[in-house]
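Protein chains in written order, with the UniProt record's numbering: chain A, 1 to 208; chain B, 1 to 287.
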């Protein structure tokens with residue numbers, strides 16, 4: 001039921017997640033931030049069980065901090081993705097974590113953003129755009145159609161809103177509130193906490 | 001076999017000899033098989049031999065007997081409840097019902113579903129009564145030890161995190177805990193929802209139990225941050241009353257508590273059915 005969307009643009013990574021936390025049919029909390037900060041330039045977007053997500057992300061964040069303290073150097077996004085995947089893979093046959101993750105990060109050395117798709121089964125892939133949850137069904141085709149390399153920030157934000165509008169429109173389970181975060185050379189910033197309302201007809205045309 | 005005595009002994013021994021955080025706060029004395037879902041395995045083997053003799057067709061056995069085995073299982077839960085809590089400007093309000101059911105049978109109408117953790121923190125009980133009572137009492141012990149060691153009151157966030165970590169380590173063991181940790185500390189009124197799945201959520205209002213949808217209806221309609229104390233207590237009471245009216249697994253008495261900077265206080269304890277008709281009469285009088 002969680003929706004996570006992310007893609008890479010020109011020197012930034014844009015990520016969005018819904019802000020619902022619930023139990024069976026009930027929404028317990030509607031401002032639950034699923035995009036957790038790993039360090040100054042990385043975000044781990046979690047979906048799946050709340051408890052597993054919290055504990056697993058805490059594990060990754062603390063170990064990344066420990067590495068930084070021990071070695072006085074920041075890890076690259078690729079390293080964090082590999083480490084996370086390894087933790088998921090070793091746990092799958094003993095004590096599985098039911099979390100699906102999107103890891104987005106900006107590396108100062110390469111001066112570009114990267115996005116990794118991680119699964120509860122221990123799969124990991126570097127992607128340009130992707131999504132988790134039911135959103136993946138709807139948003140996959142939009143991103144295939146409209147994503148291109150080196151999107152400007154404005155174009156990227158418009159594309160993200162297009163994706164979120166589609167999720168709100170077609171997903172029968174109500175997901176109106178999303179949080180959009182961006183990672184670039186300056187670090188992580190919350191772009192918008194948006195509440196989509198697609199009841200307004202011809203919404204796209206109005207904005208244009 | 002798991003016994004309460006052996007757990008307490010272990011705790012006391014380790015506080016004297018060993019100051020390690022983990023061993024002292026752990027309750028890892030449950031002896032269940034070392035497989036992925038030990039509780040479900042334990043339930044599945046109850047009545048196994050008898051059924052095998054009765055029915056030799058293994059496939060039918062698995063499909064038909066599953067419900068029967070569940071009913072005959074020795075580990076049953078007392079489920080069905082409505083508990084709610086919310087924070088507002090002046091503190092935290094906690095309201096609960098007091099019915100415990102076991103299937104169609106009302107086991108008790110006077111269950112204590114609010115467990116005091118310390119003088120300014122309450123824990124609510126939903127799901128398995130034994131699980132909640134034990135872990136909340138254990139949380140109370142841990143919080144007391146923390147205060148003695150660190151000479152400061154433990155925050156609600158820390159207490160809820162401790163409980164969360166303990167419950168997370170038992171997450172496939174079939175525990176059923178849907179507890180809310182409500183309190184007032186230096187950050188003001190605080191409310192956390194803790195689950196046996198391992199979730200921990202912070203919000204300004206929660207309702208847990210089979211009657212929670214009904215309670216949410218009344219609660220969401222009347223909730224504001226700037227309620228007066230009387231209005232807030234009345235809101236909590238009315239929400240539980242509405243839930244007991246609609247949900248057959250909730251009932252008994254409606255207990256309301258209030259927590260502010262001076263600690264927690266039990267405000268009222270009214271019979272749920274009487275309360276409903278009292279409210280009805282009030283409405284009639286208004287008209």
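Here a beta-carbon is modelled for each residue, glycine too, at the ideal position from N, C-alpha and C.
Q: Taking only beta-carbon positions, decide if residue 170 of chain B is within less than 7 Å of chain A.
A: Walking along the second chain from the start, residue 170 of chain B turns up at place 170. By this cut-off, residue 170 of chain B is not an interface position.
Q. Counting Cβ pairs closer than 8 Å, one from the region 52-60 of chain A and one from the region 11-26 of chain A, do we hit at least three?
A. In short, these stretches do not touch, since the Cβ pair count stays below three.
Q) Tell me which same chain residues have a C-beta within less than 8 Å of the C-beta of residue 120 of chain A, skipping the five on either side of it? A) Start at 1 with the first residue of the first chain, and residue 120 of chain A comes out as number 120. Closer than 8 Å at the Cβ level, and outside the excluded window around residue 120 of chain A, lie 48, 88, 92, 96, 97, 98, 99 and 100.
**Q.** Separation of residue 137 of chain A from residue 191 of chain A, as counted between CA atoms
**A.** Counted from its first residue, the first chain places residue 191 of chain A at position 191. Counted from its first residue, the first chain places residue 137 of chain A at position 137. Counting only the Cα atoms, residue 137 of chain A lies some 24 Å from residue 191 of chain A.
Q: Examine chain B for any beta-carbon lying closer than 7 Å to the beta-carbon of residue 51 of chain A, and answer yes or no.
A: Sequence index remark: in the first chain, residue 51 of chain A carries index 51 (1-based). Chain B, which has a Cβ nearer than 7 Å to the Cβ of residue 51 of chain A, makes this yes.
(Q) My assumption, with CB atoms under 8 Å, is that residue 160 of chain B sits in contact with residue 81 of chain B. Please give the rounded CB distance. (A) Your numbering for residue 160 of chain B matches position 160 in the second chain. Your numbering for residue 81 of chain B matches position 81 in the second chain. No, residue 160 of chain B and residue 81 of chain B are not in contact; Cβ-Cβ is about 20 Å, not under 8 Å.
Q: Specify whether the region 171-187 of chain A and the region 26-45 of chain A touch according to this definition: at least 3 beta carbon pairs, one from each stretch, less than 8 Å apart.
A: Three or more beta-carbon pairs drawn from the region 171-187 of chain A and the region 26-45 of chain A are found closer than 8 Å, and the two stretches are therefore classed as touching.
Q. So residue 198 of chain B packs on residue 171 of chain B, CB below 8 Å; how close in whole Å?
A. By 1-based counting over the second chain, the position of residue 198 of chain B is 198. By 1-based counting over the second chain, the position of residue 171 of chain B is 171. With 8 Å as the limit, residue 198 of chain B and residue 171 of chain B qualify as a contact, their Cβ atoms being about 5 Å apart.
**Q.** residue 113 of chain A and residue 194 of chain A closer than 7 Å at C-beta
**A.** Position 113 of the first chain, counted from the start, is the residue given in the question as residue 113 of chain A. Position 194 of the first chain, counted from the start, is the residue given in the question as residue 194 of chain A. Going by C-beta atoms, residue 113 of chain A is not nearer than 7 Å to residue 194 of chain A.
(Q) Which residue wins for smallest C-alpha separation from residue 164 of chain A, given the options A:64, A:141 and A:184? (A) What you label residue 164 of chain A is simply residue 164 of the first chain in a count that begins at 1. When the alpha-carbon of residue 164 of chain A is set against those of A:64, A:141 and A:184, the nearest one is in A:141.
Q.
Looking at residue 45 of chain A: is its Cβ nearer than 7 Å to the Cβ of residue 1 of chain A?
A. Along the first chain, read from residue 1 onward, the residue named residue 45 of chain A stands at position 45. Along the first chain, read from residue 1 onward, the residue named residue 1 of chain A stands at position 1. It is not a contact, given that the beta carbons lie outside the stated cut-off.
Q.
Taking 7 Å as the threshold (beta carbon to beta carbon), is residue 179 of chain B in contact with chain A?
A. The residue you call residue 179 of chain B lines up with position 179 of the second chain. Not a single C-beta of chain A is nearer than 7 Å to the C-beta of residue 179 of chain B.
Q: Would you identify the three-state DSSP class for residue 100 of chain A, choosing helix, strand or coil?
A: Position 100 of the first chain holds residue 100 of chain A. Residue 100 of chain A: strand per DSSP, three-state reduction.
Q: Using three-state DSSP, classify residue 164 of chain A as helix, strand or coil.
A: For this step, residue 164 of chain A is matched to residue 164 along the first chain. The answer is helix: DSSP assigns residue 164 of chain A an H, G or I state.
Q. Applying the criterion that 16 or more other CB atoms from any shown protein chain within 10 Å of the CB defines a buried residue, is residue 265 of chain B buried or exposed?
A. Working through the second chain from its first residue, we reach residue 265 of chain B at position 265. Burial call: exposed.
Q: Could you spell out where the beta strand (DSSP E) holding residue 258 of chain B opens and where it closes?
A: In the second chain, the residue the question calls residue 258 of chain B occupies position 258. In the DSSP assignment, residue 258 of chain B falls within the beta strand (DSSP E) that extends over 253-260.
Q: Write down every uninterrupted run of the beta strand (DSSP E) in the region 103-127 of chain B whose length is 3 residues or greater and which is fully enclosed by it, in chain order.
A: With a minimum length of 3 residues, the continuous beta strand (DSSP E) runs that stay inside the region 103-127 of chain B are 105-108, 114-118 and 121-124.
Q: Put residue 77 of chain A into one of helix, strand or coil per three-state DSSP.
A: Within the first chain, numbered from 1, the residue matching residue 77 of chain A stands at position 77. Helix at residue 77 of chain A.
Q.
Considering only heavy atoms of the ligand SAH, does any lie closer than 6 Å to the CB of residue 144 of chain A?
A. Although the ligand SAH was asked about, the structure shown includes no ligands whatsoever.
Q | Within 7 Å, strictly: CB atoms of residue 232 of chain A and residue 102 of chain A | A | It is not possible to answer for residue 232 of chain A, since the shown part of chain A is limited to 1 through 208.
Q.
Assuming residue 277 of chain B is part of the beta strand (DSSP E), what are its boundary residues?
A. In the second chain, residue 277 of chain B corresponds to position 277, counting from 1. Not the beta strand (DSSP E): residue 277 of chain B falls in the alpha helix (DSSP H), residues 272-286.
Q) Taking the C-alpha atoms as reference points, what is the distance between residue 47 of chain B and residue 84 of chain B? A) Taking the second chain and counting its residues from 1, one reaches residue 47 of chain B at position 47. Taking the second chain and counting its residues from 1, one reaches residue 84 of chain B at position 84. With a pLDDT of 47 at residue 47 of chain B, under the threshold of 50, the modelled position of that residue is not reliable, and no figure is offered here.
Q: With 7 Å as the threshold, decide whether the Cβ of residue 21 of chain A is near any Cβ in chain B.
A: Walking along the first chain from the start, residue 21 of chain A turns up at place 21. Proximity of residue 21 of chain A to chain B, defined by a Cβ-Cβ separation below 7 Å, is satisfied.
Q.
Taking 6 Å as the limit between beta carbons, can you name the residues of its chain near residue 196 of chain A, skipping five residues before and five after?
A. Mapped onto the first chain, residue 196 of chain A falls at position 196. Only 164, 165, 168 and 176 meet the Cβ criterion.
Q) Out of A:139, A:104, A:19 and A:143, which has the shortest C-alpha to C-alpha gap to residue 82 of chain A? A) Within the first chain, residue 82 of chain A is the residue found at index 82, counting from 1. Among A:139, A:104, A:19 and A:143, the Cα nearest to that of residue 82 of chain A belongs to A:104.
Q) Among residues of its own chain, excluding the 5 on either side of residue 220 of chain B, which ones have a beta-carbon nearer than 7 Å to its beta-carbon? A) Taking the second chain and counting its residues from 1, one reaches residue 220 of chain B at position 220. The same chain holds no residue with a CB closer than 7 Å to that of residue 220 of chain B once the five nearest residues on each side in sequence are set aside.
Q: Identify the contact partners of residue 213 of chain B in chain A, using a Cβ-Cβ distance below 7 Å as the criterion.
A: Indexing the second chain from 1 puts residue 213 of chain B at position 213. Listed along the chain, the chain A residues whose CB falls inside 7 Å of the CB of residue 213 of chain B are 26.
Q) Just reading off the beta strand (DSSP E) that residue 192 of chain A is part of, what are its end residues? A) The residue you call residue 192 of chain A lines up with position 192 of the first chain. Counting along the chain, the beta strand (DSSP E) containing residue 192 of chain A begins and ends at 187-195.
**Q.** Sequence-distant residues of the same chain with beta carbon closer than 7 Å to residue 64 of chain A, five excluded per side
**A.** The count along the first chain starts at 1 and reaches residue 64 of chain A at position 64. Close CB contacts of residue 64 of chain A within its chain, under the 7 Å cut and outside five residues either way in sequence, are with 38, 39, 75 and 80 (chain order).
(Q) Restricting to Cα atoms, I'd like to know which of B:234, B:204, B:240 and B:227 is closest to residue 28 of chain A. (A) If you number the first chain from 1, residue 28 of chain A lands on position 28. Looking at the Cα atoms, B:204 is the closest of the given residues.
Q: Say whether chain B places a C-beta atom closer than 7 Å to the C-beta of residue 193 of chain A.
A: Locating residue 193 of chain A in the first chain gives position 193, where the first residue counts as 1. In terms of beta-carbon proximity, residue 193 of chain A stays away from the interface with chain B, with every pair separated by 7 Å or more.
**Q.** Partner residues on chain A for residue 206 of chain B, Cβ-Cβ distance less than 9 Å
**A.** Here the question's residue 206 of chain B lines up with position 206 in the second chain. Within chain A, the residues near residue 206 of chain B are 28 and 29.
Q) So which residues on chain A does residue 198 of chain B lean against when the C-beta distance must stay under 8 Å? A) Position 198 of the second chain holds residue 198 of chain B. Under the 8 Å cutoff, chain A gives 49, 50, 51, 52, 54 and 55.
(Q) Given a cut-off of 7 Å on the beta-carbon distance, is the pair residue 268 of chain B and residue 256 of chain B in contact? (A) One-based indexing of the second chain puts residue 268 of chain B at position 268. One-based indexing of the second chain puts residue 256 of chain B at position 256. Judged by their CB atoms, residue 268 of chain B and residue 256 of chain B are nearer to each other than the 7 Å cut-off.
Q: Compare the beta carbon distance of residue 123 of chain B and residue 176 of chain B with 7 Å and say whether it is the shorter of the two.
A: What you label residue 123 of chain B is simply residue 123 of the second chain in a count that begins at 1. What you label residue 176 of chain B is simply residue 176 of the second chain in a count that begins at 1. Not in contact: residue 123 of chain B and residue 176 of chain B (Cβ atoms no closer than 7 Å).
Q: Using DSSP bridges, identify the partner residues of residue 264 of chain B.
A: One-based indexing of the second chain puts residue 264 of chain B at position 264. Residue 264 of chain B is bridged to B:259.
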